[in-house]
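In our numbering, the protein residues as written are 3 to 167.
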């Protein structure tokens, strides 16, 4: 995930943001009151477990899939933790793969009922994936795309309404 974040940061810095606008949290809240739609591009696990702003629609731009390593590896890992009374990085128990959501643009298009003029505020955890997503949408003809600076972190920091499982 760190490699993906670094890649997205470098890509988002290279891409011109002339096609979409960066907005702060107060501008985003005002746009939402006027009918703008929030599209949260984080993965389902983040959306569910970390929480999300009320009324935000989850359309992930990427999915992370996990395939468990063989049972013996997982069993040895468990035994090692028990023996040493120390936790280890459990990500090592899975092969993870990050896959781009090939239906991302279509799902956003369907969400806005085909109206490319609908105001869309894109957010992720901190703003990197959403900058990437905003660029994609703008290049596909969406005319009013905004990237929320600071992403969900800003939403939560400003104590705006949340839904958390």
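Beta carbons: idealized from backbone N, C-alpha and C, even for Gly.
Excluding residues up to 5 positions away in sequence, 27 lie with their Cβ nearer than 7 Å to the Cβ of residue 160 in the same chain. It is roughly 20 Å from the alpha-carbon of residue 84 to the alpha-carbon of residue 70. Non-local beta-carbon contacts of residue 136 in its own chain, meaning distances under 6 Å to residues more than five positions away in sequence, involve 22, 124, 147 and 149 in chain order.
The C-beta of residue 89 has fewer than 16 other C-beta atoms within 10 Å across all chains shown, which makes the residue exposed. In the DSSP assignment, residue 149 falls within the beta strand (DSSP E) that extends over 146-150. Just so you know, the alpha carbons of residue 68 and residue 96 end up roughly 6 Å apart. In terms of Cα proximity to residue 127, the closest of 157, 108 and 29 is 157.
In the three-state scheme derived from DSSP, where H, G and I count as helix and E and B as strand, residue 97 is classed as strand. With contacts defined by Cβ atoms closer than 7 Å, residue 107 and residue 142 form a contacting pair.
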